[in-house]
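Residue numbers (UniProt numbering): 1 to 516.
We put the CB at the ideal spot given by N, CA and C, even for glycine.
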């Protein structure tokens, strides 16, 4: 079936819309006019009945009844052709002054089915009776201020019906004229709209065939011009994308290489330390993360622990991470103290770091034989220490500045080195803000308090047991919410006597980038 053109669709739609509007308008006008005419007729009926009542009262007061009433009734009916009948009924139900003579025995309201004579009960006030084809007004009549009877004036509704019919005919003629005019205007308007749309359609068909070097030109309707400009912009972007395919493939290759390089910057396995157990959970938010950690053995009894967060993800963050790793390893192997190492590292980075790029870093030197951890921090997260003796967790922070932003005199001012003694059953952990700032679907943060509570509940089982439960609780907490920042958690526990170290598997940098 052949599709209907846009011009025909617009014309038919406008005609139908106009027809609906005209019909609704005509119905509203006719209804209002009929109501107004009926209201006017009701007022006329009551007014006429009052006039007749006053005339009858004057005639009764003068003493002449039958002949004068006949003349009065005849003159009133001639004056107003809409009056169908006028009846004057006394209190006994006798009709007085009727032009045709017979007594009126119809009872109140002129009901023809009540013909038995009897006392007439006049209405106490004016009343209006309305039937399908007529109105009848009943107004009391007095003679010398004494009740005498009732005047009944009946009006036909024919005049109202004729007036409404006339209005309907006029509205119909006006409606047909409006629909004809609307059809003509819609044809002109549809042609005005359809021409640029047809031009746009032809250009889009050419676009679909791969012709991208020609812009669409439309100079009529603003919305069509906007659409044409959108197609032109899309074509230009596609042309640009074609040119950028090679560049995109080159960047993908660079990211792949960066991913492989990051695998060489992070430890691939956990070192062995007598009477200690350690584990790491590492999960970057992007393909190449900005978090950094390192475990540098210094003989059999010392371990240098590093956890850092580079302000930047992707390749820039990777470059900074590589610089930090090389410098930290070189200084750590020279047995530098943690605070001295951070100071020298800041001096080297501050010269080469770009503005607004910085690193937070934790450095700790663990003496496994003495059970002592000496550490310093450059604006990194507080150290959390679990005490197995009383199952409490202590948070130890430092007031320092990040690396790479401040000269040595400013950076070293608040730099300090702290010491923590570790006993069997104790555990310490270091992490990046991606852990405590992890959000769920309600935008609630995981929080340090939750980490500390999990440590109270699970750290007695050792580092690997604790990391396992942290991962489970994180997964339950975030649900389907996407991770927005890199996450690193390193835990080292001093094993109590008789407790065996949990097996440690070799770690690999996977697409999911999770260390287990």
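C-beta atoms of residue i and residue j nearer than 8 Å
{"i": "residue 495", "j": "residue 305", "result": "no"}
{"i": "residue 530", "j": "residue 274", "result": "As shown, the chain starts at 1 and ends at 516. That puts residue 530 outside it, with no answer to give."}
{"i": "residue 128", "j": "residue 10", "result": "no"}
{"i": "residue 415", "j": "residue 339", "result": "yes"}
{"i": "residue 311", "j": "residue 261", "result": "no"}
{"i": "residue 407", "j": "residue 444", "result": "no"}
{"i": "residue 258", "j": "residue 485", "result": "no"}
{"i": "residue 79", "j": "residue 156", "result": "no"}
{"i": "residue 49", "j": "residue 153", "result": "yes"}
{"i": "residue 321", "j": "residue 292", "result": "yes"}
{"i": "residue 18", "j": "residue 179", "result": "yes"}
{"i": "residue 51", "j": "residue 69", "result": "no"}
{"i": "residue 175", "j": "residue 90", "result": "no"}
{"i": "residue 86", "j": "residue 73", "result": "yes"}
{"i": "residue 363", "j": "residue 348", "result": "no"}
Cβ distance (whole Å) where residue i is taken to contact residue j below 8 Å
{"i": "residue 392", "j": "residue 431", "result": "Their Cβ separation, rounded to whole angstroms, is 19 Å, which puts residue 392 and residue 431 out of contact at 8 Å."}
{"i": "residue 452", "j": "residue 373", "result": "That pair is no contact at about 18 Å."}
{"i": "residue 139", "j": "residue 53", "result": "4 Å"}
{"i": "residue 298", "j": "residue 329", "result": "So it is not a contact: roughly 11 Å between Cβ atoms."}
{"i": "residue 380", "j": "residue 361", "result": "6 Å"}
{"i": "residue 137", "j": "residue 45", "result": "4 Å"}
{"i": "residue 446", "j": "residue 346", "result": "In fact, because the Cβ distance is near 30 Å, the residues do not count as touching under 8 Å."}
{"i": "residue 337", "j": "residue 417", "result": "6 Å"}
Where residue i falls, given that 16 or more other Cβ within 10 Å makes a residue buried
{"i": "residue 23", "result": "exposed"}
{"i": "residue 177", "result": "exposed"}
{"i": "residue 343", "result": "buried"}
{"i": "residue 283", "result": "buried"}
{"i": "residue 184", "result": "exposed"}
{"i": "residue 332", "result": "buried"}
{"i": "residue 67", "result": "exposed"}
{"i": "residue 31", "result": "exposed"}
{"i": "residue 115", "result": "With a pLDDT of only 38 at residue 115, under 50, the local geometry of the prediction cannot be trusted, and the value read off the model is given with reservation. Classification for residue 115: exposed."}
{"i": "residue 294", "result": "buried"}
{"i": "residue 355", "result": "exposed"}
{"i": "residue 243", "result": "exposed"}
{"i": "residue 309", "result": "buried"}
{"i": "residue 397", "result": "exposed"}
{"i": "residue 409", "result": "exposed"}
{"i": "residue 377", "result": "buried"}
{"i": "residue 279", "result": "buried"}
{"i": "residue 238", "result": "exposed"}
{"i": "residue 436", "result": "buried"}
{"i": "residue 230", "result": "exposed"}
{"i": "residue 234", "result": "exposed"}
{"i": "residue 13", "result": "exposed"}
Cβ neighbours of residue i in the same chain (closer than 7 Å, five flanking residues each side left out)
{"i": "residue 440", "result": "477, 478, 479, 481"}
{"i": "residue 353", "result": "404"}
{"i": "residue 497", "result": "424"}
{"i": "residue 118", "result": "Per-residue confidence for residue 118 stands at a pLDDT of 46, beneath the threshold of 50, marking its modelled position as unreliable; no derived number is given."}
{"i": "residue 318", "result": "258, 261, 262, 288"}
{"i": "residue 371", "result": "421, 422, 423, 494"}
{"i": "residue 473", "result": "454"}
{"i": "residue 133", "result": "156, 157"}
{"i": "residue 171", "result": "26, 29, 30"}
{"i": "residue 265", "result": "321, 322, 325"}
{"i": "residue 466", "result": "427, 455, 458, 459, 491"}
Residues of its chain near residue i, where Cβ-Cβ distance is below 8 Å and the 5 sequence neighbours each way are ignored
{"i": "residue 367", "result": "301, 302, 373, 374"}
{"i": "residue 144", "result": "60, 61"}
{"i": "residue 163", "result": "33, 37"}
{"i": "residue 326", "result": "none"}
{"i": "residue 168", "result": "26, 30"}
{"i": "residue 471", "result": "281"}
Residue i CB to nearest heavy atom of the ligand GDP below 7 Å
{"i": "residue 60", "result": "This structure lacks the ligand GDP; in fact it carries no ligand of any kind."}
Same chain, Cβ closer than 6 Å to residue i, neighbours up to 5 away in sequence not counted
{"i": "residue 272", "result": "none"}
{"i": "residue 555", "result": "Coverage of the chain is limited to positions 1 through 516, which leaves residue 555 absent and any answer about it impossible."}
{"i": "residue 394", "result": "385"}
{"i": "residue 434", "result": "485, 486, 487"}
{"i": "residue 109", "result": "A caution first: residue 109 carries a pLDDT of 46, below 50, which makes its placement in the model unreliable, though a value can still be read off. Excluding positions up to five away in sequence, the list reads 129."}
{"i": "residue 429", "result": "384, 491"}
{"i": "residue 248", "result": "none"}
{"i": "residue 399", "result": "414"}
Within the segment 123-159, ranges of the beta strand (DSSP E) (whole runs, at least 3 residues): The segment 123-159 contains these whole beta strand (DSSP E) runs: 127-130, 134-143, 146-156.
Contained alpha helix (DSSP H) runs [length at least 4] in the segment 27-85, N- to C-terminal order: The qualifying runs are 66-79.
Ranges of the alpha helix (DSSP H) found wholly within the segment 398-450, counting only runs of at least 4: Look at the segment 398-450 and you find these whole runs of alpha helix (DSSP H), each 4 residues long or longer: 408-413, 433-436.
Contained alpha helix (DSSP H) runs [length at least 4] in the segment 340-391, N- to C-terminal order: Listed in chain order, the alpha helix (DSSP H) runs fully inside the segment 340-391 amount to none, counting runs of at least 4 residues.
Segments of 4+ residues assigned as alpha helix (DSSP H) that fall wholly inside the segment 452-508: As summarised for the segment 452-508, the continuous alpha helix (DSSP H) elements at least 4 residues long and confined to that stretch are 463-478, given in chain order.
Length at least 3, wholly inside the segment 252-285: the beta strand (DSSP E) runs in chain order: Under the rule that a run must span 3 or more residues, the beta strand (DSSP E) segments found entirely inside the segment 252-285 read 276-283.
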